[in-house]
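Student: According to the working numbering, the stretch in the sequence shown is residues 311 to 638, in order. Glycine included, every Cβ here is placed at the ideal spot set by N, Cα and C.
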Amino acid sequence: MFFSQRPRAGLLPRMLALAFAIAAGGTAVADDFPSRSIRFVVPFVPGSITDIAARYYAKRLGEETGQSVVVENKAGGNGLIGVSAVLNAPHDGYTMLVGTTSILATNVALYRALPYDPLKDLAALGMMASVPSVIAVPVGSERSSIEALVKAGRAKPDSLNYAAGATSYQLMGELLQEKASFTARAIPYKGVGAALNALIGKEVDFSIVDATSALGSVQGGTIQALAVASRERLPLLPSVPTTAEAGLPDFVASTWVAAVAPAQVPAARLARLEQLFAKIANDPATRKFFTERGAEVTGGGAAALRTRQKEEIELWSRIVKSAKIEQL
311 MFFSQRPRAG LLPRMLALAF AIAAGGTAVA DDFPSRSIRF VVPFVPGSIT DIAARYYAKR
371 LGEETGQSVV VENKAGGNGL IGVSAVLNAP HDGYTMLVGT TSILATNVAL YRALPYDPLK
431 DLAALGMMAS VPSVIAVPVG SERSSIEALV KAGRAKPDSL NYAAGATSYQ LMGELLQEKA
491 SFTARAIPYK GVGAALNALI GKEVDFSIVD ATSALGSVQG GTIQALAVAS RERLPLLPSV
551 PTTAEAGLPD FVASTWVAAV APAQVPAARL ARLEQLFAKI ANDPATRKFF TERGAEVTGG
611 GAAALRTRQK EEIELWSRIV KSAKIEQL
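1) Using three-state DSSP, classify Val396 as helix, strand or coil.
2) Does the Cβ-Cβ distance between Val444 and Ala473 come in under 8 Å?
3) Between which two residues does the alpha helix (DSSP H) holding Phe600 run?
4) With a 10 Å radius around its C-beta and 16 neighbouring C-beta atoms as the bar for buried, classify Leu509 as buried or exposed.
5) Can you check the segment 449–497 for any beta strand (DSSP E) of at least 3 residues that lies completely inside it and give the ranges in chain order?
6) Check Ala535 in the structure and name its three-state DSSP category.
7) Using 10 angstroms around the beta-carbon of Thr553, count the other beta-carbons present and answer buried if the total reaches 16, otherwise exposed.
8) Three-state secondary structure (DSSP) at Ser378?
9) From Val408 to Arg349, what does the alpha carbon distance come to, in whole angstroms?
10) Would Val441 and Ile518 be called neighbours here (beta carbons separated by less than 8 Å)?
11) So for Ala605, helix, strand or coil by DSSP?
12) Would you mind stating whether Ala364 and Val381 have Cβ atoms separated by less than 8 Å?
13) Over what stretch of residues does the alpha helix (DSSP H) that includes Leu407 continue unbroken?
14) Excluding the 5 residues flanking Ala563 on each side, which residues of the same chain have their C-beta closer than 7 Å to its C-beta?
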C-alpha cells in the first residue's frame, strides 16, 4: 500500500500558524521574565556595603519588575557558602549572587583549588557599587602624611605594621608597598571593624580600609585619613587628598560589589537582567544614594565587570606570588 506524501488540504496553513504561535509564545515567555519572586544571595552578614547594595538594588529591581526581591544573607566559608547556594539553585535567572572583589576576583589568587570559577561558572550582570580605599593612621601619629609614612617605612624596613581587616586589605597593603617602595608587616584582624578599633587604639601604625567603613571615624576625628585611593576626592571627605595628589599616582584601590548569576541561565534572561541593572545603576538617584555612603557607581554593564574581573585576577595573583602569601 502506498501513501501520498502530499499534505492534506489545509494542513500546511495550520502547521505554519502553529509555528508562528510557538514563536510568539516563546517571545511572550521571554518578555514576561521575571514573573515571580527573585532572590538575591549575599555571602556576608547584614550591615556590610555588600548587604546595603543588595537591599538598595532589590528595592529598585522590585519597582522595575513589579516582583518581590528577597535578600538572603548566607555568610561563612569566606563567601563560599553563598556562592554554593546560588550555583546549586535552579538556573532560571531567579536566583542571583551579590558578589564582591574577593568572591569574583581575589579568591582565584588566594585559593589553591577554588571550588568554582568566577569567569566560567558565573555570568556577569553588572557593577553595583565601588568603594574607594582609605589609607589612615591613628590621630596624633607622627606619620601624618603619605610622604612621612613612606619615609618611615623606607628608613627602617618592616618597622611599620598595618591592620588588615580582610585578606583583600592585606593585598592592598602589599600593593601599596610595591608602588611606594617600602616594607611593612600585615597584622590580620577579624573584620574591618576590628581593624578600625586597632587603629583608634593605636595598636598599629596604619591601615587600609574601605571609605564607607572609615567615614564615621574620620568625620568623628578618631582616625586620620592620609589619602583616598581613587581618581577623584570623595564628596564626603573633601579635605582628604587622592593618592595621586599625595604623591602615589599608581596606587588606586577599591572594593566593589557586583551582580552575577549562574552561567547556565538562558541568554535572553541574562540580557534582561543586565538591562535592568544598568538602568538602576545609571539612575541619578542611585548615584546619590551611594555617594552619601562614601561609595561610587561606575556602571558599565556585564562587559565592564568582566574586564575588571580579569584585570584584578591578574593583578592579585601577581601580588600573592611576589609577596609570598601562602594560598589557602
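Tutor: In short:
1) Taking the first residue of the sequence shown as position 1, residue 396 is located at position 86. Helix.
2) One-based indexing of the sequence shown puts residue 444 at position 134. One-based indexing of the sequence shown puts residue 473 at position 163. For the 8 Å CB-CB criterion, Val444 and Ala473 do not form a contact.
3) As a first step, residue 600 is located in the sequence shown; it is residue number 290 there, counting from the start. It spans Pro594 to Thr601 - the alpha helix (DSSP H) in which Phe600 sits, taken as one unbroken run.
4) By 1-based counting over the sequence shown, the position of residue 509 is 199. Burial state of Leu509 is buried, judged by a 10 Å Cβ sphere holding 16 or more other Cβ atoms.
5) With a minimum length of 3 residues, the continuous beta strand (DSSP E) runs that stay inside the segment 449–497 are 470–474.
6) Counting from one through the sequence shown, the residue named residue 535 turns up at place 225. In the structure shown, Ala535 sits in a strand (DSSP, three-state: E or B).
7) Here residue 553 refers to the residue found at position 243 when the sequence shown is read from its first residue. With 16 or more Cβ atoms within 10 Å of its Cβ, Thr553 is classed as buried.
8) Start at 1 with the first residue of the sequence shown, and residue 378 comes out as number 68. In this structure, Ser378 counts as coil in the three-state DSSP scheme.
9) Numbered from 1 along the sequence shown, position 98 holds the residue referred to as residue 408. Numbered from 1 along the sequence shown, position 39 holds the residue referred to as residue 349. Their Cα atoms are separated by approximately 10 Å.
10) Taking the sequence shown and counting its residues from 1, the one referred to as residue 441 is at position 131. Taking the sequence shown and counting its residues from 1, the one referred to as residue 518 is at position 208. Going by C-beta atoms, Val441 is not nearer than 8 Å to Ile518.
11) Start at 1 with the first residue of the sequence shown, and residue 605 comes out as number 295. It is coil, neither helix nor strand.
12) As a first step, residue 364 must be located in the sequence shown, where it is residue number 54. As a first step, residue 381 must be located in the sequence shown, where it is residue number 71. Yes, Cβ-Cβ distance for Ala364 and Val381 is below 8 Å.
13) In the sequence shown, counting from the first residue as 1, residue 407 sits at position 97. Judged by DSSP secondary structure, Leu407 falls outside any alpha helix (DSSP H) and instead within the beta strand (DSSP E) spanning Thr405 to Thr410.
14) Along the sequence shown, one-based indexing puts residue 563 at 253. Taken in chain order, the residues that qualify are Ser443, Met482, Leu485 and Ala539.
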